[in-house]
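Take any residue in the sequence shown, note its place counting from 1, add 230, and you have its number in our numbering.
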Amino acid sequence: MTATITPITAHAPVAEDSFLTAGEAILYVYEDPDGSLSSDCTGCGEYAWTLDVDLGFALAHAESCLRRPRPFRLAA
């Protein structure tokens, strides 16, 4: 039997950009290992994903999201 070992970092998304939203939260944009883009909003908590590799979807969300940044809480 043979085993293939792949470092976990090979599967981690790479930070591409970040945008300040209308509500002053931050929208983080990542390039995933498959070449798609995903984003995570610190205001509304929305996670978005697209195969179309452009930042238009992230910019549209950043312009329209009015939620203030969510408070950071440590897990108990």
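Just so it is clear, CB atoms sit at the ideal spot from N, CA and C, and this is done for glycine as well. The structure displayed is predicted, hence computed values, not measured ones.
Residue i in three-state terms, based on DSSP
| i | result |
| --- | --- |
| I289 | Note that residue 289 is Leu in the sequence shown here, rather than Ile. It is helical. |
| S294 | helix |
| A242 | coil |
| A255 | coil |
| L281 | coil |
Buried/exposed call for residue i, threshold 16 Cβ in 10 Å
| i | result |
| --- | --- |
| V384 | What is shown of the chain runs 231 to 306, which leaves residue 384 out entirely. |
| G273 | buried |
| L257 | buried |
| A255 | buried |
| A242 | exposed |
Beta bridge counterpart(s) of residue i as assigned by DSSP
| i | result |
| --- | --- |
| E261 | V244 and L267 |
Proximity of residue i and residue j at Cβ, strictly below 8 Å
| i | j | result |
| --- | --- | --- |
| D262 | S268 | yes |
| A292 | T251 | yes |
| W279 | S294 | no |
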